[in-house]
Amino acid sequence: MRLKLGQLLSRRSFMNTAISTTALMALPKMATAGGHSAVNQKIIEAAKSAGTADLKGIIWALYYAPMKASCEKFAAETGTNFSDIKDISIFVAPPAVVAEGVAKSPEFDLFHINSNMIPTLASIGMLEELDPYMEEVGFDYNAVGTFDTFMKYKGATFGMPTDGNVHTQFIHWATVEKNAAAYEDKFGKSPSWPGTWEEEIEWMKFFAPPAKATDDDYYGSMNLRNRANGATWWFMQLYSAGGFTFDDDMNPTMDTDEAVYAWETYMKYKDVSHPEAPGWGTPQMIPRMTGGKVFSGQYWDGIVALNENPAKSKTVGQWKYGLVPGSDFSGKRIYRSISDPLGALLVNKHSPRKALAAYLAMWLTTEQESEAIVADPANTFHDPWAKSHMTSEVVAKTYTKGGLEGIQQCLQVSAPPIYLTGYMEFTDILNKNLSEAYVGSISVSEGIKKTQEEFAGIVKKTGKRKLKAELASYKAVMPKIDAPA
Numbered sequence: 010m011r012l013k014l015g016q017l018l019s020r021r022s023f024m025n026t027a028i029s030t031t032a033l034m035a036l037p038k039m040a041t042a043g044g045h046s047a048v049n050q051k052i053i054e055a056a057k058s059a060g061t062a063d064l065k066g067i068i069w070a071l072y073y074a075p076m077k078a079s080c081e082k083f084a085a086e087t088g089t090n091f092s093d094i095k096d097i098s099i100f101v102a103p104p105a106v107v108a109e110g111v112a113k114s115p116e117f118d119l120f121h122i123n124s125n126m127i128p129t130l131a132s133i134g135m136l137e138e139l140d141p142y143m144e145e146v147g148f149d150y151n152a153v154g155t156f157d158t159f160m161k162y163k164g165a166t167f168g169m170p171t172d173g174n175v176h177t178q179f180i181h182w183a184t185v186e187k188n189a190a191a192y193e194d195k196f197g198k199s200p201s202w203p204g205t206w207e208e209e210i211e212w213m214k215f216f217a218p219p220a221k222a223t224d225d226d227y228y229g230s231m232n233l234r235n236r237a238n239g240a241t242w243w244f245m246q247l248y249s250a251g252g253f254t255f256d257d258d259m260n261p262t263m264d265t266d267e268a269v270y271a272w273e274t275y276m277k278y279k280d281v282s283h284p285e286a287p288g289w290g291t292p293q294m295i296p297r298m299t300g301g302k303v304f305s306g307q308y309w310d311g312i313v314a315l316n317e318n319p320a321k322s323k324t325v326g327q328w329k330y331g332l333v334p335g336s337d338f339s340g341k342r343i344y345r346s347i348s349d350p351l352g353a354l355l356v357n358k359h360s361p362r363k364a365l366a367a368y369l370a371m372w373l374t375t376e377q378e379s380e381a382i383v384a385d386p387a388n389t390f391h392d393p394w395a396k397s398h399m400t401s402e403v404v405a406k407t408y409t410k411g412g413l414e415g416i417q418q419c420l421q422v423s424a425p426p427i428y429l430t431g432y433m434e435f436t437d438i439l440n441k442n443l444s445e446a447y448v449g450s451i452s453v454s455e456g457i458k459k460t461q462e463e464f465a466g467i468v469k470k471t472g473k474r475k476l477k478a479e480l481a482s483y484k485a486v487m488p489k490i491d492a493p494a
């Protein structure tokens with residue numbers, strides 16, 4: 010069964026159809042007698058005092074695999090197990106988790122889900138606030154940039170991140186080096202790095218000319234343009250132009266100059282994209298990256314590890330990673346990346362085992378445990394997000410030092426999609442209209458008009474007063490700097 014974004018399941022339907030942060034301490038990194046850091050030892054002691062249980066969760070098996078060893082270590086130390094897993098893709102899980110919340114079900118203790126669902130789930134009273142547990146053991150985030158704000162809603166913490174999943178700039182540098190002399194002859198300078206969306210498109214046209222692509226199947230853009238994912242790139246272009254999705258009164262701003270710029274920029278990439286791109290997702294695009302069939306683009310940073318894995322890639326050592334393009338549209342250069350879906354552990358408030366679930370969630374995101382989870386070379390689903398990851402030799406073996414530098418830059422300017430109740434519905438509408446405009450079923454102006462009207466309809470249905478109260482949380486997640494330090 011394929012769930013559509015925005016579709017809510019009854020709990021019974023879900024059960025019948027479903028497949029059966031590092032947070033660094035402010036304390037010194039001191040090991041205890043058992044080999045644990047001080048904060049890890051405090052988590053163990055707190056969990057022991059709360060009893061034992063067999064916890065149950067919803068988590069995609071691909072995410073659980075690199076966490077399994079750490080969960081077993083927690084079980085050995087505390088007597089609390091986490092092995093009863095309902096295996097559901099992070100892309101499909103949101104409606105199922107909402108169904109659990111609506112039913113106030115105590116069955117599942119933990120949910121590993123896109124953190125952009127926090128406003129929706131917290132607003133129906135489903136999520137346990139984690140701040141008291143964090144204070145109890147002296148646990149605090151030490152994330153890159155303001156990444157910890159992705160876990161907050163109305164000032165309270167509701168999630169523990171396990172995955173940065175930030176879009177990072179990829180450039181097939183072997184192609185740049187091969188054609189550097191021709192570039193210098195034409196432009197009178199050496200190729201450095203594309204600073205804006207417009208510059209990136211020009212790079213793509215020069216280094217992977219569309220006419221040549223028909224001969225060797227080498228295309229400029231690796232950016233997805235499919236129905237399910239296209240909005241991810243549009244958000245980066247909107248935010249970098251100085252735009253936002255709503256005004257302070259929760260009126261949609263899909264027809265502002267900044268939004269029109271984002272629509273037009275999004276469409277310009279059609280000139281440098283494969284003609285079949287509208288039907289491609291990651292299963293089609295990733296092999297083109299590891300096979301050396303695309304030149305440039307912004308992509309989830311887990312693919313850095315895949316590109317640089319000799320067992321899985323033909324292009325090891327051929328890429329450079331760095332800051333995504335920005336925009337000068339606002340009159341100043343602004344860079345904005347995006348983290349979506351951002352995997353995080355959320356605790357079910359209705360569970361009688363919620364304290365133990367909270368301790369486990371913190372355990373998995375401590376510096377000591379998350380390093381191995383993030384560095385797993387076979388299951389590159391938990392991507393770096395903490396400061397400690399950026400300097401870890403273990404993580405660098407998987408992501409390379411150059412890859413970590415690019416990831417760190419992008420995390421500093423990473424933004425969410427629409428961080429409000431109704432996130433799935435808003436995103437689905439935007440994806441649909443972008444996709445139809447991209448393939449020519451509707452014009453860009455029609456797409457803009459439809460999105461403006463349909464967003465207004467979602468606001469009315471959800472409640473303007475409710476969403477206005479959430480708007481501050483959305484804005485709090487936005488980066489506070491125009492460019493990374």
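With the working numbering applied, the sequence shown corresponds to residues 10 to 494, in that order.
Positions of the beta carbon are idealized from the N, C-alpha and C atoms, including for glycine.
Worksheet item: Looking at C-alpha atoms only, which residue of 456, 351 and 65 is the closest neighbour of residue 420?
Response: 351
Item to complete: Measure the alpha-carbon distance for residue 572 versus residue 460 and round it to whole angstroms.
Response: Outside the displayed range of the chain (10 to 494) lies residue 572, so it cannot be described from this structure.
Worksheet item: Between which two residues does the beta strand (DSSP E) carrying residue 121 extend?
Response: 119 to 123
Fill in: DSSP bridge partner residues for residue 152 (one or two, in chain order)
395
Worksheet item: Helix or strand or just coil, what does DSSP make of residue 486?
Response: helix
Worksheet item: Hey, is the stretch 152 to 172 in contact with the stretch 478 to 491, meaning 3+ C-beta pairs nearer than 8 Å?
Response: yes
Worksheet entry | residue 344, DSSP secondary structure in three states | strand
Fill in: Opposing strand residues paired with residue 45 [DSSP bridges]
According to DSSP, residue 45 bridges with nothing at all.
Worksheet item: Near residue 465, what residues of its chain come up, given a Cβ to Cβ distance below 8 Å and the 5 sequence neighbours on each side ignored?
Response: 260 and 261
Worksheet item: Going by C-alpha distance, which of 111, 148 and 143 is nearest residue 133?
Response: 111
Item to complete: Report the rounded CA-to-CA distance for residue 225 versus residue 313, giving the unit in angstroms.
Response: 24 Å
Worksheet item: Leaving out the 5 sequence neighbours to the left and right, which residues in its chain are closer than 6 Å to residue 409 when beta-carbon positions are compared?
Response: 317
Worksheet item: residue 177 bridges to which residues according to DSSP?
Response: 308
Worksheet item: Just reading off the beta strand (DSSP E) that residue 229 is part of, what are its end residues?
Response: 228 to 230
Practice prompt. Specify the secondary structure class of residue 39 as computed by DSSP and reduced to three states.
Written response: With a pLDDT of 43 at residue 39, under the threshold of 50, the predicted position of this residue should be treated as unreliable, and no value is reported.
Worksheet item: For residue 310, which residues from the same chain have a beta carbon less than 6 Å from its beta carbon, with the 5 sequence-adjacent residues on both sides left out?
Response: 175, 177, 392 and 416
Practice prompt. Output yes or no for whether 8 Å exceeds the beta carbon distance between residue 305 and residue 234.
Written response: no
Worksheet item: Closer than 7 Å: is that where the CB of residue 488 sits relative to any heavy atom of the ligand MN?
Response: This structure lacks the ligand MN; in fact it carries no ligand of any kind.
Worksheet item: Given that a residue counts as buried once 16 or more other Cβ atoms are within 10 Å of its Cβ, and exposed if not, what is residue 81?
Response: exposed
Worksheet item: Does the Cβ of residue 99 have 16 or more other Cβ atoms within 10 Å, making it buried, or fewer, making it exposed?
Response: buried
Worksheet entry | Pairwise C-alpha distance: residue 118 and residue 124 | 16 Å
Worksheet item: Based on the DSSP secondary-structure assignment, which residues constitute the bridge partners of residue 90?
Response: 63
Fill in: Bounding residues of the beta strand (DSSP E) (the contiguous stretch that carries residue 353)
352 to 356
Item to complete: Give the secondary structure of residue 326 by DSSP, where H, G and I count as helix, E and B as strand, and everything else as coil.
Response: coil
Worksheet item: Mapping DSSP to helix, strand and coil, what is residue 5?
Response: Here the chain has residues from 10 to 494 only, and residue 5 is not among them.
Item to complete: Return helix, strand or coil for residue 428, following the three-state DSSP convention.
Response: coil
Item to complete: Mind the definition here: the stretch 128 to 143 touches the stretch 354 to 373 only if three or more C-beta pairs lie below 8 Å; say whether that holds.
Response: yes
Worksheet entry | Candidates 375, 163, 90 and 386, of which the one nearest residue 320 by Cα | 386
Worksheet item: Which value, in whole angstroms, describes the spacing of the CA atoms of residue 89 and residue 83?
Response: 7 Å
Item to complete: From the DSSP output, read off the bridge partner residues of residue 303.
Response: 228
Practice prompt. May I have the straight-line CA-CA distance separating residue 240 from residue 264, to the nearest angstrom?
Written response: 16 Å
Discussion item. Less than 8 Å between the C-beta atoms of residue 108 and residue 364, yes or no?
Written reply: no
Worksheet entry | Inter-stretch contact at 8 Å, needing at least 3 Cβ pairs: the stretch 372 to 380 / the stretch 59 to 74 | no
Worksheet item: With 16 other CB atoms within 10 Å as the buried threshold, where does residue 144 fall?
Response: exposed
Worksheet item: Do you know how far the Cα of residue 245 is from the Cα of residue 295?
Response: 21 Å
Item to complete: Would you kindly check if the distance between the Cβ of residue 251 and the Cβ of residue 273 is under 8 Å?
Response: no
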